[in-house]
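S.K.: Handing you this structure, nothing more for now.
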Amino acid sequence: MTAIPLPFITALLLVILFFRIQFLAIHNPSHNKNTKKRRATAEAVLIGVSCLALTLVALRWGSHVALPAFIQPAIAALIPPLLWLCLFTHGDKASEDITLRRRRSLWHLLPPLLILGAGTIQSRTPVPLIDLMLVSIYFGYGAVLIYRARRLQTSSPRWKSAPFIAGLYVLISGAIDTVIALDIAFYSGNSAATIITAFHIVMLAILTLLIVTYRTSAQAGLVVPPDQKPEAVPATEDEHQLAKALDDFIRTHALYTDPGMTLQRLSRRMGIPLRRLSETINRVHGRNFSQVMNEYRIEEAKRLLSQTDDRITDIMLASGFQTKSNFNREFLRLTGVSPSVWRSQYPLQEQTTASATPSEENR
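If you use full-length UniProt numbering, the sequence shown corresponds to residues 1 to 363, in order.
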């Protein structure tokens, strides 16, 4: 009976996951057509390169096909940069010129080029340059992805964000590469095939789970820079009425005080389809759900700052924030000053409970 190498099965599941993501992205109203096109292109290249890398692994360790030493590492070095480009489609700022954005993206070609360069001199030195550089690339990108995940403005836990998961995956891959390199250096690679098999078994389980559970929403999409604004689509009268009902519902139940409140949970509580709720928020307010909820929380924090003597940390928690950094950043964004400065400027002034009704410039 012919055995199918595990990397081939992993590659097949990657392709299935890609098509599932693309199918759901078509119906995701939170991104415009240009965004979807750029993202689909980056994802297609990522999946293609990943499948090629998995095929090379299968040929190397399954069929024992001899390949030039630098080819597999060079292909593997493309994966972290492509993950970055998939997650950060717009670069650091959505307002950047597209030509400048493309030029910045070219810097991500540097890792595989460095691997190719190391491959030309590897035979002249006993130092494992390719292994050291590949591990450095994976650890570097993994650390930066997790760091960027900490800067996301979302009510969901950061460990659930795409950059955090991608960063963790890249770090684990780098650790596996390190173990394999050490095994080859000290034990002639006797356990390398076993290590790779165990890694792919775990990957099969994770990919299967992702295929079954993957969903898209206005929040759960990939990273969008804070300065990006949704497309200007005129809101209908029904959407304005729904926005008013949403505002009343959130204020009546003080939902902004729940740090775990998500668009999905709100949709279930109100009995309104997720997509309709997302489109209404984007069109009426010109902001995403996380920004709207943070505006409620900041208004509540302003009220507590002016009406109580509670500590700022206690007010932060009572208004629905979990971290001081996010609280201070949002407070500064919406008021222009820090919480302590605001309290000193507006002592004993009554503030109304939060309302997400947009100002005239956001209509």
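For each residue, glycine too, the CB sits at the ideal point set by N, CA and C.
Predicted model only: the values in this text are computed from it and were never measured.
Whose C-beta lies closer than 7 angstroms to the C-beta of leucine 134 among residues of the same chain, with five residues either side of it excluded?
M.R.: Your numbering for residue 134 matches position 134 in the sequence shown. These residues qualify, in order along the chain: Pro73, Ala76, Ala77, Ile115 and Asp177.
S.K.: Using 8 angstroms as the Cβ pair cut-off and three pairs as the minimum, do the segment 294 to 303 and the segment 241 to 258 touch?
M.R.: Judged by Cβ distances under 8 angstroms, the segment 294 to 303 makes contact with the segment 241 to 258, as three or more pairs qualify.
S.K.: Under 6 angstroms Cβ to Cβ from valine 170, same chain only, skipping five residues before and after it: list those, please.
M.R.: Within the sequence shown, residue 170 is the residue found at index 170, counting from 1. Contacts found: Pro80, Tyr138, Tyr141 and Gly142.
S.K.: Where does the unbroken alpha helix (DSSP H) through threonine 170 begin, and where does it stop?
M.R.: The residue labelled residue 170 in the question sits at position 170 within the sequence shown. Here the sequence assigns valine to residue 170, which means threonine is not the residue at that position. Valine 170 -> alpha helix (DSSP H) spans 162 to 187.
S.K.: Distance, Cα to Cα, alanine 118 vs alanine 318?
M.R.: What you label residue 118 is simply residue 118 of the sequence shown in a count that begins at 1. What you label residue 318 is simply residue 318 of the sequence shown in a count that begins at 1. Going by the C-alpha atoms only, they are around 55 angstroms apart.
S.K.: Less than 7 angstroms separating the beta-carbons of leucine 304 and isoleucine 312?
M.R.: Residue mapping note: residue 304 aligns to position 304 of the sequence shown, counting from 1. Residue mapping note: residue 312 aligns to position 312 of the sequence shown, counting from 1. No.
S.K.: Is alanine 166 buried or exposed, if buried means 16 or more other CB atoms sit within 10 Å of its CB?
M.R.: As a working note, residue 166 is residue 166 in the sequence shown. Buried, since its Cβ has 16 or more Cβ neighbours within 10 Å.
S.K.: Contact defined as beta carbons within less than 8 angstroms: I believe arginine 283 pairs with alanine 235. What is the distance between those atoms, to the nearest angstrom?
M.R.: Reading the sequence shown from its first residue, position 283 is the one you call residue 283. Reading the sequence shown from its first residue, position 235 is the one you call residue 235. Confirmed, Cβ separation roughly 4 angstroms.
S.K.: What's the C-alpha gap between serine 50 and isoleucine 201?
M.R.: Here residue 50 refers to the residue found at position 50 of the sequence shown. Here residue 201 refers to the residue found at position 201 of the sequence shown. Their backbone Cα atoms lie some 16 angstroms apart in a straight line.
S.K.: Would you report the Cα separation of leucine 129 and leucine 182, rounded to the nearest angstrom?
M.R.: Residue mapping note: residue 129 aligns to position 129 of the sequence shown, counting from 1. Residue mapping note: residue 182 aligns to position 182 of the sequence shown, counting from 1. Answer to the nearest angstrom: the Cα atoms are 13 angstroms apart.
S.K.: Please state whether DSSP places valine 337 in a helix, a strand or coil.
M.R.: Working through the sequence shown from its first residue, we reach residue 337 at position 337. Three-state result, valine 337: coil.
S.K.: Does serine 319 come out as helix, strand or coil in the three-state DSSP assignment?
M.R.: Taking the sequence shown and counting its residues from 1, one reaches residue 319 at position 319. Looking at serine 319 - three-state DSSP - the assignment turns out to be coil, as it is neither helix nor strand.
S.K.: Could you give the DSSP three-state label for aspartate 314: helix, strand or coil?
M.R.: Here residue 314 is taken as the residue at index 314 of the sequence shown, counted from 1. Aspartate 314 falls in the helix class under three-state DSSP.
S.K.: Starting from threonine 280, follow the alpha helix (DSSP H) in both directions and report where the run begins and ends.
M.R.: Counting from one through the sequence shown, the residue named residue 280 turns up at place 280. Taken as a continuous stretch (DSSP letters only), the alpha helix (DSSP H) holding threonine 280 covers 274 to 285.
S.K.: Cα-Cα, which of Cys86, Thr55, Ile9 and Asn190 is closest to glycine 45?
M.R.: Numbered from 1 along the sequence shown, position 45 holds the residue referred to as residue 45. Rather than glycine, the amino acid found at residue 45 in this sequence is valine. Checking every option, the nearest Cα to that of valine 45 belongs to Cys86.
S.K.: Excluding five sequence neighbours on each side, which residues of the same chain lie with their C-beta closer than 8 angstroms to the C-beta of glutamate 239?
M.R.: Taking the sequence shown and counting its residues from 1, one reaches residue 239 at position 239. Contacts found: Glu279, Thr280, Arg283 and Val284.
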